[in-house]
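> One structure is given below, represented as structure tokens, and several questions about it will come after.
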Amino acid sequence: METTLKKPVARNLNSVYANNTIKTIYERRAVRKYIDKPVEKEVIEQIVDAGRMAPSAINRQPWKFYVLTDKKEIKTYSKAIGVVALKGIMKTGVKSIVKTIKGFLHFSHGIEFFKAPDPVFHNAPVVIFITSAGKSEWAQLDIGMCAQNMMLAAKSIGISSCPIGLAKFIENTEEYSKLNIPAAEHIHLAIILGYGDENPEVHERKKNNIVYL
Ligand SMILES: Cc1cc2nc3c(=O)[nH]c(=O)nc-3n(C[C@H](O)[C@H](O)[C@H](O)COP(=O)(O)O)c2cc1C
């Protein structure tokens, strides 16, 4: 069936073409501050289900979701990841230390990283580890798409989120075995969810990256 493009693509949020989907895309932010309120199970399941609707190479749907909602456990894993990350920094040379710290600052929004009580999961009430098994060359991309679906779905129903790349270092901690993730699987990313307690500024988007051929 042929579809017709009714309206040109929105160029910004003030555009008359900005519909609810586009608005959600523009308004999603990486949120790193949450109120102390659990997220309802049905809400979590709705968000995971939106993730399942993502496209995947050869329709493999390689993702698996491990949902953590126990505050104490989240803190324990966060601490363990922090220690491993720090050990990693100590082991490396000066150049690498600077690079790693820069990386952390980039990931976690500035110097606050070092002061925060939970610099990895930002005190969020829900952490979802997303894994895949085996070695599909596309799994990483599939999971990126899945994660974005989840974060947009979350935003559209009033739940804030942040992708947490640091989460994959949990595989290098002693606590990892407690998650009971089968050896064939690897964590690609975690998504944290919760009722947000901040409205971060929009980062300027680079605009010099489109070439018409
Ligand atoms: C693959 C990936 C990994 C990320 N890892 C972290 C992380 O470990 N900790 C964190 O606080 N933010 C993390 N972020 C969030 C980015 O820092 C954030 O998306 C970026 O600064 C742009 O901000 P915005 O999402 O509000 O537009 C990650 C983002 C992506 C896409």
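Residue 357 in the working numbering sits at position 104 of the sequence shown; the count goes up by one each step and never skips. Don't be surprised by glycine CBs; every beta carbon is placed ideally from N, CA and C.
Quick one: residues in its chain with C-beta nearer than 6 Å to the C-beta of residue 300, no 5 flanking neighbours on either side, listed in chain order?
Locating residue 300 in the sequence shown gives position 47, counting from the first residue. 403, 406, 407, listed in sequence order.
> With DSSP as the reference, label residue 448 as helix, strand or coil.
Reading the sequence shown from its first residue, position 195 is the one you call residue 448. In the structure shown, residue 448 sits in coil (DSSP, three-state: anything other than H, G, I, E or B).
> For residue 373, tell me which candidate among 337, 387, 419 has the shortest Cα-Cα distance.
The residue you call residue 373 lines up with position 120 of the sequence shown. Check the Cα spacing between residue 373 and each of 337, 387, 419: the tightest is with 419.
> Quick one: what's got a C-beta closer than 8 Å to residue 313's C-beta in the same chain, skipping five residues either side?
Here residue 313 is taken as the residue at index 60 of the sequence shown, counted from 1. Hits under 8 Å: 389, 391, 392, 395.
> For residue 447, is the beta carbon positioned less than 7 Å from some heavy atom of ligand 1?
Mapped onto the sequence shown, residue 447 falls at position 194. Residue 447 Cβ: outside cutoff for every heavy atom of ligand 1.
> Compare the C-beta of residue 286 against all C-beta atoms of chain B and say whether one is closer than 8 Å.
In the displayed structure, chain B is absent; only one protein chain is listed.
> At what residues does the beta strand (DSSP E) containing residue 396 begin and finish?
Here residue 396 corresponds to residue number 143 of the sequence shown, with the count starting at 1. Careful: residue 396 lies outside any beta strand (DSSP E), inside the alpha helix (DSSP H) at 392 to 409.
> Using a Cβ-based criterion (distance less than 7 Å to any ligand heavy atom), does residue 415 qualify as near ligand 3?
Ligand 3 is not among the ligands present in this structure, which contains only ligand 1.
> For residue 269, is the classification buried or exposed, using 16 other Cβ atoms within 10 angstroms of its Cβ as the cut-off for buried?
Locating residue 269 in the sequence shown gives position 16, where the first residue counts as 1. Residue 269 should be labelled exposed.
> Curious, which full-length alpha helix (DSSP H) runs of at least 4 residues does the stretch 300 to 338 contain?
none
> Should residue 418 be counted as a contact of ligand 1 given a C-beta to heavy atom distance under 7 Å?
Counting from one through the sequence shown, the residue named residue 418 turns up at place 165. Because some heavy atom of ligand 1 lies under 7 Å away, the Cβ of residue 418 counts as near it: yes.
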